[in-house]
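Chemist: The following block contains the structure, expressed as structure tokens.
Numbering (this note's numbering), first residue to last: 1359 to 1765.
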């Protein structure tokens, strides 16, 4: 593959013509196949948006003058894919849980209660420490082809701490999620209902201005379906979109709750009943699968094949967090989904791009069609299949967001 030039984070040109693309994944439903692949392709970008994508030498007359004056980026036969859309992360936190991971790999089970140790470390961290670490994670995401990402709060669990985590998160992404209902903190262990009152009252008041979404961990050991409905409904009444953690540790009522509230996504979906799948298939709620979790906890993987065959929209996300999935790599998640979850390479890439966009209810990212934001990754490979075919290999040569190189 040819080399890819351009300084990371440079101002870039307002017009860019990417040429020498051996295989261009567009995710354009108007093109044949799931991924809308164009072989021997070019991509024309202006002012951060895709103007045209198609076969090299076939620039339409209306774009010819623009292409003639554009900065040219020749990728030397490499594949180009849409930037990954990671719709589920927890990137603002203090400390780590390496000792917990080691214990789990030695035979101890994963439980939701470990979140409290991260809460303690996060509360003790300064804004500067959290912000510096967050910037490091964003750099990791960009280096691995991710151009759009969501960040949840949930490691503060006080009014002031939840609000500050969201303020830090909104500095790097508009996709911020209030997750005050992550787990009941230690100081409310004997009065969960009092904590719910705090979440739907003062905490929501402080956090709603800094969030686009509200989420809840509807699971045994976290929040009951009744508590979850109350929290999500309170957020929706404040204009926040709904997301749900559900069915990670055991079957439950979280999926039914998510669908009934028209949630954008229900995440984990490790343990689903036939009724859960039927509900998802009949709704616009996306099932977001998080293979890094099962890899890191040795739980059974979700059966993506059942969901896809039923017509459910599926997304893949990293769930980057210190307890159950400390990875920021979407290529890794694709590899695991293909190897262990019944997905084809095409289905996994679509889920990690267009599927993630659907889980965030975004129509401007996750694809490379005219009008979309020009978010793309150049691979050190001739085709997208190599993302699953070469697990663990750093195949992203360059990442562009709105036509500007960021990684």
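Cβ atoms here follow ideal geometry from the backbone N, Cα and C, with glycine treated the same way.
#1: First and last residue of the beta strand (DSSP E) that includes residue 1576?
#2: Could you compute how far the alpha carbon of residue 1448 sits from the alpha carbon of residue 1678?
#3: Classify residue 1623 as buried or exposed, calling it buried when 16 or more other Cβ atoms lie within 10 Å of its own Cβ.
#4: Would you please state the rounded distance, in angstroms, between the beta carbons of residue 1721 and residue 1760? I believe it to be under 8 Å.
#5: Taking the straight line between their C-alpha atoms, what separation do you get for residue 1415 and residue 1683?
#6: Fully enclosed by the stretch 1706–1737, which beta strand (DSSP E) runs are 3 residues long or longer?
#7: Between which residues of its own chain and residue 1757 is the CB-CB distance below 6 Å, once the five residues before and five after are set aside?
#8: What does the alpha-carbon distance come out to for the pair residue 1487 and residue 1546?
#9: In the DSSP assignment, what residue or residues form a beta bridge with residue 1626?
#10: At a cut-off of 7 Å, is residue 1659 close to the ligand SAM when judged by its beta-carbon and the heavy atoms of the ligand?
#11: Taking its Cβ as the centre, do 16 or more other Cβ atoms sit within 10 Å of residue 1561, making it buried, or is it exposed?
#12: Extract the residue ranges of the beta strand (DSSP E) inside the stretch 1478–1531, only unbroken runs of 3 or more that lie entirely within it.
#13: If we call anything under 8 Å between Cβ atoms a contact, is residue 1379 one with residue 1436?
#14: Counting Cβ pairs closer than 8 Å, one from the stretch 1645–1657 and one from the stretch 1400–1407, do we hit at least three?
#15: Residue range of the beta strand (DSSP E) that residue 1420 falls in?
#16: Ordered along the chain, which non-local residues of its own chain (more than five positions away) have a Cβ less than 7 Å from that of residue 1445?
#17: Among the candidates 1597, 1538 and 1430, whose CA atom is the shortest distance from the CA of residue 1576?
#18: Can you tell me whether residue 1758 is helix, strand or coil according to DSSP?
#19: Taking 7 Å as the limit between beta carbons, can you name the residues of its chain near residue 1728, skipping five residues before and five after?
#20: Between the Cα of residue 1552 and the Cα atoms of 1481, 1627, 1473 and 1589, which residue gives the shortest distance?
#21: Leaving out five residues on either side along the sequence, give the residues of the same chain with a beta carbon under 6 Å from the beta carbon of residue 1375.
#22: Going along the chain, which unbroken runs of the beta strand (DSSP E) with 3 or more residues stay wholly within the stretch 1601–1689?
#23: Determine the direct distance from the alpha carbon of residue 1549 to that of residue 1724, and round the result to whole angstroms.
#24: Quick one: what does DSSP say residue 1533 is sitting in, helix, strand or coil?
#25: So, for residue 1496: in the same chain, excluding its five sequence neighbours on each side, which residues have a beta-carbon less than 7 Å away from its beta-carbon?
#26: Answer with buried or exposed for residue 1597, where buried requires no fewer than 16 other C-beta atoms within 10 angstroms of its C-beta.
#27: Hey, quick one: how far does the beta strand (DSSP E) through residue 1459 stretch, first residue to last?
#28: Nearest to residue 1582 by CA position, among 1648, 1388, 1613 and 1567, is which residue?
#29: Check residue 1587 in the structure and name its three-state DSSP category.
#30: Alpha carbon to alpha carbon, how far is residue 1518 from residue 1564?
#31: Where does residue 1664 land, buried or exposed, given buried means 16+ other C-beta within 10 angstroms?
#32: Would residue 1639 and residue 1669 be called neighbours here (beta carbons separated by less than 8 Å)?
#33: Leaving out five residues on either side along the sequence, give the residues of the same chain with a beta carbon under 6 Å from the beta carbon of residue 1557.
#34: Relative to the C-alpha of residue 1443, which residue among 1755, 1566 and 1707 is closest?
#35: So is residue 1466 buried or exposed if we call it buried at 16+ other beta carbons inside 10 Å?
#36: For the beta strand (DSSP E) holding residue 1381, just list the boundary residues, first then last.
Modeler: The short version:
#1: For this step, residue 1576 is matched to residue 218 along the chain shown. That run of the beta strand (DSSP E) goes 1571–1576.
#2: Taking the chain shown and counting its residues from 1, the one referred to as residue 1448 is at position 90. Taking the chain shown and counting its residues from 1, the one referred to as residue 1678 is at position 320. Near 6 Å, if we compare the C-alpha coordinates of residue 1678 and residue 1448.
#3: For this step, residue 1623 is matched to residue 265 along the chain shown. The residue in question, residue 1623, is buried, as its Cβ has 16 or more Cβ neighbours within 10 Å.
#4: Against the chain shown, residue 1721 aligns to sequence position 363. Against the chain shown, residue 1760 aligns to sequence position 402. Contact doesn't hold; Cβ gap of about 16 Å is too wide.
#5: Taking the first residue of the chain shown as 1, we reach residue 1415 at position 57. Taking the first residue of the chain shown as 1, we reach residue 1683 at position 325. Spanning the two alpha carbons is a distance of roughly 44 Å.
#6: 1734–1737
#7: As a working note, residue 1757 is residue 399 in the chain shown. Excluding sequence neighbours, residue 1757 sits near 1500, 1503, 1735, 1764 and 1765.
#8: Taking the chain shown and counting its residues from 1, one reaches residue 1487 at position 129. Taking the chain shown and counting its residues from 1, one reaches residue 1546 at position 188. Using only the alpha carbons, I get a separation of about 27 Å.
#9: Numbered from its first residue, the chain shown carries residue 1626 at position 268. Answer by DSSP bridge pairing, in chain order: 1604.
#10: This structure simply doesn't include the ligand SAM, nor any ligand for that matter.
#11: By one-based count along the chain shown, residue 1561 stands at place 203. Per the 10 Å Cβ criterion, buried.
#12: 1504–1507
#13: Counting from one through the chain shown, the residue named residue 1379 turns up at place 21. Counting from one through the chain shown, the residue named residue 1436 turns up at place 78. Closer than 8 Å, so yes.
#14: no
#15: By 1-based counting over the chain shown, the position of residue 1420 is 62. Residue 1420 -> not in any beta strand (DSSP E); alpha helix (DSSP H) instead, spanning 1419–1426.
#16: Within the chain shown, the letter at position 87 stands for residue 1445. Closer than 7 Å at Cβ, skipping near neighbours: 1508, 1623, 1646, 1673, 1675, 1714, 1717 and 1718.
#17: Here the question's residue 1576 lines up with position 218 in the chain shown. The residue with the shortest Cα to Cα distance from residue 1576 is 1538.
#18: On the chain shown, position 400 is the one that residue 1758 refers to. In the structure shown, residue 1758 sits in a strand (DSSP, three-state: E or B).
#19: Here the question's residue 1728 lines up with position 370 in the chain shown. 1408, 1409 and 1410, listed in sequence order.
#20: Looking up residue 1552 in the chain shown gives position 194. It is 1589.
#21: Position 17 of the chain shown, counted from the start, is the residue given in the question as residue 1375. Answer for residue 1375: 1402, 1425, 1428 and 1430, listed in chain order.
#22: 1623–1626, 1644–1647 and 1672–1674
#23: Looking up residue 1724 in the chain shown gives position 366. Looking up residue 1549 in the chain shown gives position 191. Taking the straight line from one Cα to the other gives about 43 Å.
#24: To locate residue 1533, count along the chain shown from 1; it is residue 175. Three-state DSSP puts residue 1533 in coil, outside helix and strand.
#25: In the chain shown, residue 1496 corresponds to position 138, counting from 1. These residues qualify, in order along the chain: 1530.
#26: As a position in the chain shown, residue 1597 is number 239, starting the count at 1. Looking at its Cβ environment, which holds fewer than 16 other Cβ atoms inside 10 Å, residue 1597 is exposed.
#27: Here residue 1459 refers to the residue found at position 101 of the chain shown. Counting along the chain, residue 1459 falls outside any beta strand (DSSP E), though it belongs to the alpha helix (DSSP H) covering 1456–1463.
#28: Residue 1582 sits at position 224 when you count from the first residue of the chain shown. Minimum Cα distance to residue 1582 is reached at 1613.
#29: As a working note, residue 1587 is residue 229 in the chain shown. Residue 1587 falls in the helix class under three-state DSSP.
#30: For the purposes of this step, residue 1518 is taken as the residue at position 160 of the chain shown. For the purposes of this step, residue 1564 is taken as the residue at position 206 of the chain shown. Spanning the two alpha carbons is a distance of roughly 8 Å.
#31: Here the question's residue 1664 lines up with position 306 in the chain shown. Classification for residue 1664: exposed.
#32: The residue labelled residue 1639 in the question sits at position 281 within the chain shown. The residue labelled residue 1669 in the question sits at position 311 within the chain shown. Their beta carbons are under 8 Å apart, which means residue 1639 touches residue 1669 by this criterion.
#33: By 1-based counting over the chain shown, the position of residue 1557 is 199. If we look at residue 1557 and ignore the five residues flanking it on each side, its Cβ neighbours are 1538, 1539 and 1589.
#34: For the purposes of this step, residue 1443 is taken as the residue at position 85 of the chain shown. For residue 1443, the nearest C-alpha among the options comes from 1707.
#35: Working through the chain shown from its first residue, we reach residue 1466 at position 108. So residue 1466 ends up on the exposed side.
#36: As a first step, residue 1381 must be located in the chain shown, where it is residue number 23. Note, residue 1381: beta strand (DSSP E), 1373–1383.
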